[in-house]
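**Q** Sequential numbering of the sequence shown, starting at 117, is according to the working numbering.
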Amino acid sequence: MLTTDSLRKIDREIAKYPAEQKQSAVMSALIIAQDEKGWLSTELMDYIAAYLEMPPVAVYEVATFYSMYNLHKTGKYKLTLCTCLPCGLQGSLEAADHLREKLGIDFNETTPDGRFTLKEGECMGACAMAPVLLVNNKKMHDFMSKEKLDQLIESLK
117 MLTTDSLRKI DREIAKYPAE QKQSAVMSAL IIAQDEKGWL STELMDYIAA YLEMPPVAVY
177 EVATFYSMYN LHKTGKYKLT LCTCLPCGLQ GSLEAADHLR EKLGIDFNET TPDGRFTLKE
237 GECMGACAMA PVLLVNNKKM HDFMSKEKLD QLIESLK
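Below, the structure written as structure tokens:
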């Protein structure tokens, strides 16, 4: 279900823990699997559970608790905008309105061309740099004015 390269990466994560606690690598294993497949299907989570010798429900609990995991197919670029109170007070709600209008979608939707999915995020620990936006859970962009949002969208097209 996963390439040998991904399995090697998961094995490196497992090696960081005592042998009897290999399930501690579940978060990393899910990220590695998601990086390869783009999202986490039930079958893929079951595979990770078997690989880590843990109950599937324990993997589901992790995957559903954290917003960084994609439980459905997303666009090529998943844009996650922090909308919690401190960021909201510093312009993220206006940034959200701008993104929804520019992309023609709402939160938890994907553009018809499959390029962008817009997600609402909770605190990203960068309140002083709000509004902040994550691209594919990997790259954070800060101080996102309307102009910077427009530039980012154009650079990702």
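We put the CB at the ideal spot given by N, CA and C, even for glycine.
Using C-beta distances below 7 Å, list every residue in its chain close to Lys138, excluding the 5 sequence neighbours before and after it, in chain order.
**A** Ile130, Leu168, Glu169.
**Q** Just verifying my parser: in three-state terms, what is the DSSP assignment at Tyr185?
**A** DSSP places Tyr185 in coil when its eight states are reduced to three.
**Q** Within a Cβ cutoff of 7 Å, which residues of the same chain sit near Phe223, ignoring the five residues on either side of it in sequence?
**A** Cβ neighbours of Phe223 beyond the five flanking positions: Leu234, Lys235, Glu236.
**Q** Given this structure, state the Cα-to-Cα distance separating Phe259 from Val142, to the nearest angstrom.
**A** About 33 Å.
**Q** Please state the DSSP three-state secondary structure of Met143.
**A** It is helical.
**Q** Excluding five sequence neighbours on each side, which residues of the same chain lie with their C-beta closer than 7 Å to the C-beta of His188?
**A** Counting only Cβ-Cβ distances below 7 Å, and skipping sequence neighbours, we find Trp155.
**Q** Using the Cβ count rule (16 or more neighbours within 10 Å means buried), how would you classify Phe181?
**A** Exposed, by the Cβ-count rule.
**Q** When the distance is taken between beta carbons, is Gly207 closer than 8 Å to Pro172?
**A** Not closer than 8 Å, so no.
**Q** Please report the straight-line C-alpha distance between Leu215 and Met161, rounded to a whole angstrom.
**A** Rounded to whole angstroms, Leu215 to Met161 spans 31 Å at the Cα level.
**Q** Determine the direct distance from the alpha carbon of Leu265 to that of Leu197, and round the result to whole angstroms.
**A** In a straight line, the C-alpha of Leu197 is about 11 Å away from that of Leu265.
**Q** Here's the rule: buried if 16 or more other CB atoms are within 10 angstroms of the residue's CB, otherwise exposed. What is Thr158?
**A** Thr158 should be labelled exposed.
**Q** Of the choices Leu201, Val251, Arg124, whose alpha-carbon is the least far from that of Asn186?
**A** The candidate whose alpha carbon is nearest that of Asn186 is Val251.
**Q** Determine the closest residue to Ser271 out of Phe232, Ala244, Met184, Ser140, with distance taken between C-alpha atoms.
**A** Among Phe232, Ala244, Met184, Ser140, the Cα nearest to that of Ser271 is on Phe232.
**Q** Check this for me: beta carbons of Ala145 and Ile164, under 8 Å apart or not?
**A** In contact: Ala145 and Ile164 (Cβ atoms closer than 8 Å).
**Q** Rounded to the nearest angstrom, what separates Glu217 and Glu210 at their Cα positions?
**A** The straight-line gap from Cα to Cα measures roughly 11 Å.
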